[in-house]
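Colleague: Heads up, the first sequence is in my numbering, so the first residue is 57 and it goes up one at a time. The beta carbon of each residue, even a glycine, is placed where N, CA and C say it ideally should be. None of the values given here were measured: they were computed from a predicted structure.
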Amino acid sequence: MDFKTIEKKWQKRWADSKLYSFNKDNISKKHYVLEMFSYPSGAKLHAGHWFNYGPADSYARFMRMQGYEVFQPMGFDAFGLPAENYAIKTGIHPEESTLKNIETMEKQLKAIGATYDWDYEIKTCMPDYYKWTQWLFLQLYKHGLAYRKEAPVNWCPSCNTVLANEQVKEGECERCHTPVIRKNLTQWFFKITDYSEELLSGLDKLDWPEKTKLMQKNWIGKSFGSEVDFETESGEKFTVFTTRADTIYGVSYVVLAPEHPLVDKITTPEQKKAVEDYKYECSKASEIDRLSTTREKSGTFTGAYAINPVNGKKVPILIADYVLASYGTGAVMGVPAHDERDFAFATKYNLPITRVIKGEKGQNDELPFCDYGVLTASDEFDGMSSKEAIKAITAKLEKQSKGRLKTNYRLRDWLVSRQRYWGAPIPVIHCPHCGIVPVPEKDLPVTLPHDVDFTPDGKSPLLKCEEFMNVTCPVCGKPARRDPDTLDTFVCSSWYYLRYPDNKNDKAPFDSELINKMLPVDKYIGGAEHACMHLLYARFITKALRDMGYLNFDEPFLSLVHQGTILGPDGNKMSKSRGNVVSPDDCIQKYGSDVFRLYLMFCFSYTEGGPWNDSGLDGVQRFMDRVERLVDSVKDKKLSDSPFAKDEKELNYVRNFTVKSMTADMKNFSFNTAVARLMEFVNAIYTYFNKTQNPNKLLYDCVKDVVLLIAPLTPHFAEELNERMGSTESVFNMRYPVCDEKALVKDEVEIAVQINSKIKGKTTVSTAASDEEVAAAAKEAVIEALGDATIKKTIVIKGRLVNFIV
RNA sequence: GCGGGUAUGGCGGAAUUGGCAGACGCGUAAGAUUCAGGUUCUUAUGAUCGCAAGGUUGUGCAGGUUCAAGUCCUGUUACCCGCACCA
Numbered sequence: 057m058d059f060k061t062i063e064k065k066w067q068k069r070w071a072d073s074k075l076y077s078f079n080k081d082n083i084s085k086k087h088y089v090l091e092m093f094s095y096p097s098g099a100k101l102h103a104g105h106w107f108n109y110g111p112a113d114s115y116a117r118f119m120r121m122q123g124y125e126v127f128q129p130m131g132f133d134a135f136g137l138p139a140e141n142y143a144i145k146t147g148i149h150p151e152e153s154t155l156k157n158i159e160t161m162e163k164q165l166k167a168i169g170a171t172y173d174w175d176y177e178i179k180t181c182m183p184d185y186y187k188w189t190q191w192l193f194l195q196l197y198k199h200g201l202a203y204r205k206e207a208p209v210n211w212c213p214s215c216n217t218v219l220a221n222e223q224v225k226e227g228e229c230e231r232c233h234t235p236v237i238r239k240n241l242t243q244w245f246f247k248i249t250d251y252s253e254e255l256l257s258g259l260d261k262l263d264w265p266e267k268t269k270l271m272q273k274n275w276i277g278k279s280f281g282s283e284v285d286f287e288t289e290s291g292e293k294f295t296v297f298t299t300r301a302d303t304i305y306g307v308s309y310v311v312l313a314p315e316h317p318l319v320d321k322i323t324t325p326e327q328k329k330a331v332e333d334y335k336y337e338c339s340k341a342s343e344i345d346r347l348s349t350t351r352e353k354s355g356t357f358t359g360a361y362a363i364n365p366v367n368g369k370k371v372p373i374l375i376a377d378y379v380l381a382s383y384g385t386g387a388v389m390g391v392p393a394h395d396e397r398d399f400a401f402a403t404k405y406n407l408p409i410t411r412v413i414k415g416e417k418g419q420n421d422e423l424p425f426c427d428y429g430v431l432t433a434s435d436e437f438d439g440m441s442s443k444e445a446i447k448a449i450t451a452k453l454e455k456q457s458k459g460r461l462k463t464n465y466r467l468r469d470w471l472v473s474r475q476r477y478w479g480a481p482i483p484v485i486h487c488p489h490c491g492i493v494p495v496p497e498k499d500l501p502v503t504l505p506h507d508v509d510f511t512p513d514g515k516s517p518l519l520k521c522e523e524f525m526n527v528t529c530p531v532c533g534k535p536a537r538r539d540p541d542t543l544d545t546f547v548c549s550s551w552y553y554l555r556y557p558d559n560k561n562d563k564a565p566f567d568s569e570l571i572n573k574m575l576p577v578d579k580y581i582g583g584a585e586h587a588c589m590h591l592l593y594a595r596f597i598t599k600a601l602r603d604m605g606y607l608n609f610d611e612p613f614l615s616l617v618h619q620g621t622i623l624g625p626d627g628n629k630m631s632k633s634r635g636n637v638v639s640p641d642d643c644i645q646k647y648g649s650d651v652f653r654l655y656l657m658f659c660f661s662y663t664e665g666g667p668w669n670d671s672g673l674d675g676v677q678r679f680m681d682r683v684e685r686l687v688d689s690v691k692d693k694k695l696s697d698s699p700f701a702k703d704e705k706e707l708n709y710v711r712n713f714t715v716k717s718m719t720a721d722m723k724n725f726s727f728n729t730a731v732a733r734l735m736e737f738v739n740a741i742y743t744y745f746n747k748t749q750n751p752n753k754l755l756y757d758c759v760k761d762v763v764l765l766i767a768p769l770t771p772h773f774a775e776e777l778n779e780r781m782g783s784t785e786s787v788f789n790m791r792y793p794v795c796d797e798k799a800l801v802k803d804e805v806e807i808a809v810q811i812n813s814k815i816k817g818k819t820t821v822s823t824a825a826s827d828e829e830v831a832a833a834a835k836e837a838v839i840e841a842l843g844d845a846t847i848k849k850t851i852v853i854k855g856r857l858v859n860f861i862v
């Protein structure tokens with residue numbers, strides 16, 4: 057078959073007949089299938105895109121044939137750094153390159169032959185979209201979920217912008233791998249931490265890969281502990297957070313983060329210089345140095361002392377950058393005997409080390425001893441177990457109003473402002489009189505100006521665009537300035553799934569009534585790399601909008617699937633520098649898109665991916681040829697309608713078994729086994745066809761089923777075959793075959809016969825036979841091997857095997 | 001360092017959750033069709049011993065539980081992913 061020609065033919069017919077238009081009247085049967093939208097890079101669609109979109113579309117087609125009204129939209133995450141960096145390099149404006157790339161990718165996406173309804177397309181860089189991204193920002197601001205503060209932030213010196221915590225990987229910028237440094241800057245944050253608990257507990261209900269849920273769980277990082285109030289000699293109060301209140305009698309010093317607000321207040325004049333020097337050193341250290349666990353701990357004495365609330369003991373207050381300002385209270389108690397970090401620190405600075413926990417059996421293990429154990433040298437708590445003591449000590453402190461139980465989360469607020477050009481402008485005005493003034497909703501969008509000098513200089517490019525920056529304050533009418541920053545692109549993608557079904561709405565981001573019916577997304581498919589970024593942000597935004605009254609559901613994506621990674625033929629990640637990139641375009645040119653898609657589905661485990669190998673493509677094409685020949689030789693054949701004999705029953709069994717297996721496999725994204733079952737079915741049809749003189753019309757029904765079963769996998773090919781078989785209706789308006797359970801009941805079954813758990817023979821028994829009858833038949837089958845041994849025990853597993861123990 | 005995952009023929013990968021390991025495909029070999037190549041069809045194909053019937057062995061490694069282990073338990077190695085001074 058000339059795949060390329062028929063693919064064009066059917067794509068045109070589908071488009072002309074609007075076959076994949078979503079029918080809103082049928083919304084009660086909706087099934088929202090969403091693939092993560094892609095960034096329109098100049099590098100075209102790669103094998104990874106295909107592996108995401110091809111099989112996902114097959115799933116969508118399968119669900120359509122199951123009777124669902126499938127909604128499967130497509131769009132582009134079009135703002136972002138690469139286009140801007142490309143512009144800096146080449147002088148081509150990001151808008152120009154982005155729109156051009158989108159056009160190319162649309163063409164390639166259409167070549168997949170997917171069921172996207174392009175009427176619902178989204179491009180996040182267009183004003184009719186980012187208007188509502190800005191609207192979202194304003195709602196969050198209105199509800200206290202967007203705020204501005206000065207804080208030490210991650211700064212990428214190469215990208216010249218701040219980064220969210222989630223975008224720092226191993227101390228490096230996720231995008232360009234430059235070591236990230238810390239800077240104190242005033243930035244916009246979203247208060248995702250308000251939702252820490254719900255983001256955590258909501259995971260249980262989600263049908264997501266366990267690994268992804270675990271990653272989010274760890275990222276949120278809930279931990280139970282106690283807060284303990286210390287007082288300095290001079291009466292200043294501060295609080296530490298600890299999960300080991302049981303070790304409090306072992307405190308030999310306390311440490312504040314260098315950025316702790318109390319540091320300047322308590323530092324004695326003699327220590328002033330040392331403390332200032334140390335703080336300067338810390339601010340210079342790159343994040344990668346600071347985070348390195350092998351790095352020697354450093355710190356310095358403030359000159360001040362604190363009083364341990366449990367025993368009144370006076371201990372020195374130090375500052376050290378191993379204490380993080382952003383977690384807990386930014387202050388910790390130093391218990392060197394029972395914490396590795398404190399131990400290393402105390403050893404270096406010659407601080408006393410006092411043991412207060414013994415092992416369970418009272419033994420004295422080496423220090424530091426970080427396990428739970430039994431208290432010692434702890435006044436009235438001596439002899440108590442660590443777990444009891446944590447409760448008891450905290451309770452005692454609580455009575456004195458010096459402590460309390462406390463739950464902490466590692467999750468930080470989401471830093472959303474970026475000092476870059478190609479993004480949605482932050483819809484805020486800074487007025488010298490009125491302060492921060494949100495742009496009135498009627499003035500949205502705040503349009504991103506086109507002519508801007510975006511050469512990087514460490515400041516927001518928009519600052520240099522005077523006609524953008526200068527506005528009149530909407531409150532007092534006096535001259536004011538716009539916010540020069542743009543929003544993190546993850547803000548754009550945090551709500552796009554809500555926009556798709558109502559993408560042309562110019563009155564609101566979406567119509568709540570409609571969206572509450574269309575959402576949540578039923579099946580979300582995309583890469584695993586977004587576990588703690590996009591997937592977390594989207595959950596947060598959904599919950600925030602729900603609490604504002606715009607949505608009535610809690611989670612955006614009920615069921616999530618990650619596709620694996622297709623590696624180069626050498627087993628390495630595909631990359632230009634390695635020269636192991638396989639181009640989908642070349643494959644389609646040679647084989648056609650159906651062959652390519654079927655290859656991706658058959659030769660890889662969908663969630664694992666794996667290395668590319670060319671030979672699989674030929675095998676898949678051979679299989680399709682086999683199917684085509686089968687259709688051609690059966691479609692006009694004269695067939696008998698006599699009752700089923702043994703061969704027909706057998707074929708009918710395979711047929712229904714195939715339908716049942718494939719239905720389950722397609723639902724589970726187990727595409728490779730689905731294809732394998734279909735191949736078995738085709739083999740069985742051939743076997744029947746070749747050996748039967750006067751084939752039954754069952755043969756025709758089987759071939760018809762093959763066309764239906766293969767339709768989601770190779771859509772153009774199936775349409776063509778369906779037409780050849782005389783149908784004038786699209787195969788995608790037909791129903792997927794349904795398994796006839798009666799046909800799966802076999803009269804007899806072959807079982808294995810074991811002697812002492814080793815297979816010695818096989819026999820065929822009636823499925824209706826009792827265990828005793830089966831055992832008797834089995835014994836018959838191995839009578840020779842059994843010899844004169846005595847059977848001590850007989851184990852019969854129905855339909856599987858019989859095991860004689862002799 | 002902590003958390004998670006993976007390990008099965010020459011290759012990609014299956015295995016109803018403890019019940020015939022290696023489905024399906026690729027590759028390979030032999031044969032048939034063909035002037036020939038390709039296509040197509042048939043058969044074989046984990047390793048090993050054997051002329052054969054048949055035997056032995058086999059799911060990273062070492063133990064264990066069980067009539068029965070790729071699957072469960074203990075320990076261990078390699079690789080991959082995530083987090084990384086979170087008190």
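(1) Helix, strand or coil for Glu266? Go by DSSP, reduced to three states.
(2) For the alpha helix (DSSP H) that contains Trp211, what are its first and last residues?
(3) Among Glu523, Val862 and Val502, which one has its Cα closest to the Cα of Val838?
(4) Are the beta-carbon atoms of Lys694 and Arg780 separated by less than 9 Å?
(5) I believe Ala480 touches Leu543 by the beta-carbon criterion, under 8 Å. Please report the beta-carbon distance rounded to the nearest angstrom.
(6) Strictly by DSSP, which residues pair up with His87?
(7) For the alpha helix (DSSP H) that contains Ile581, what are its first and last residues?
(8) Measure how close the beta-carbons of His149 and Glu125 come, nearest whole angstrom, since I'm counting them as under 8 Å.
(9) Please name the residue in Pro111, Trp70, Leu137 and Glu151 whose C-alpha comes closest to that of Trp174.
(10) So what's Ile237 in DSSP terms, helix, strand or just coil?
(11) With DSSP collapsed to three states, give me the class of Cys229.
(12) Since Tyr744 and Leu755 are thought to touch, with beta carbons under 8 Å apart, how far apart are those beta carbons, to the nearest angstrom?
(13) Can you tell me which of Leu137, Val89, Asp72 and Tyr115 puts its alpha carbon nearest to the alpha carbon of Pro96?
(14) Do you know whose CA, among Arg300, Glu283, Ile304 and Ala301, lies nearest Phe294's CA?
(15) Can you check which of these residues, Asp681, Lys760, Val759 and Leu769, is closest to Asp721 by C-alpha distance?
(16) Check Ser696 in the structure and name its three-state DSSP category.
(17) Using C-beta distances below 8 Å, list every residue in its chain close to Lys848, excluding the 5 sequence neighbours before and after it, in chain order.
(18) What does the alpha-carbon distance come out to for the pair Lys198 and Val484?
(19) For Leu554, which of Gly533, Ala587 and Leu601 has the nearest alpha-carbon?
(20) Going by beta carbon distance, what residues of the same chain come within less than 7 Å of Asn750, once the five residues before and after it are set aside?
(21) When you compare the CB positions of Thr714 and Leu765, do they come within less than 9 Å of one another, or not?
(22) Roughly how many angstroms lie between the CA atoms of Lys335 and Phe357, to the nearest whole one?
(23) Closest to Leu262 by CA distance: which of Lys854, Ser615 and Lys753 is it?
(24) Going by CA-CA distance only, name the one from Met604, Gly582 and Gln243 that's closest to Phe613.
(25) Are Asp610 and Glu352 closer than 9 Å when you measure CB to CB?
(26) Closest to Ser84 by CA distance: which of Gly123, Gly843, Glu140 and Thr180 is it?
(27) So, for Leu467: in the same chain, excluding its five sequence neighbours on each side, which residues have a beta-carbon less than 8 Å away from its beta-carbon?
(28) Once the 5 residues before and after Ser549 are set aside, which same chain residues still bring their CB inside 6 Å of it?
(29) Mind pulling the alpha helix (DSSP H) runs of 4 or more residues that sit fully within the region 737 to 784?
(30) Please name the residue, chosen from His772, Thr234 and Gly782, that lies closest to Trp66 on a Cα-to-Cα basis.
(31) Whole angstroms is fine: what's the gap from Glu776's alpha carbon to Ile597's?
(32) Anyone know if the C-beta pair for Gly624 and Val637 falls short of 9 Å?
(33) Are the beta-carbon atoms of Val430 and Lys404 separated by less than 9 Å?
(34) Quick one: give me the first and last residue of the beta strand (DSSP E) that Asp81 is part of.
Modeller: The short version:
(1) helix
(2) Counting along the chain, Trp211 falls outside any alpha helix (DSSP H), though it belongs to the beta strand (DSSP E) covering Ala202 to Cys212.
(3) Val862
(4) no
(5) 5 Å
(6) Val126
(7) Ile581 -> not in any alpha helix (DSSP H); beta strand (DSSP E) instead, spanning Lys579 to Gly582.
(8) The Cβ separation is near 40 Å, so there is no contact.
(9) Trp70
(10) strand
(11) strand
(12) 7 Å
(13) Leu137
(14) Glu283
(15) Leu769
(16) strand
(17) Ile861 and Val862
(18) 12 Å
(19) Leu601
(20) Ser696
(21) yes
(22) 12 Å
(23) Ser615
(24) Gly582
(25) no
(26) Gly123
(27) Ile248, Thr249, Ser252, Leu255, Trp275, Ile276 and Gly277
(28) Asp133 and His590
(29) 754 to 766 and 771 to 780
(30) His772
(31) 45 Å
(32) yes
(33) no
(34) Where Asp81 is concerned, there is no enclosing beta strand (DSSP E), given that its DSSP letter is neither H nor E.
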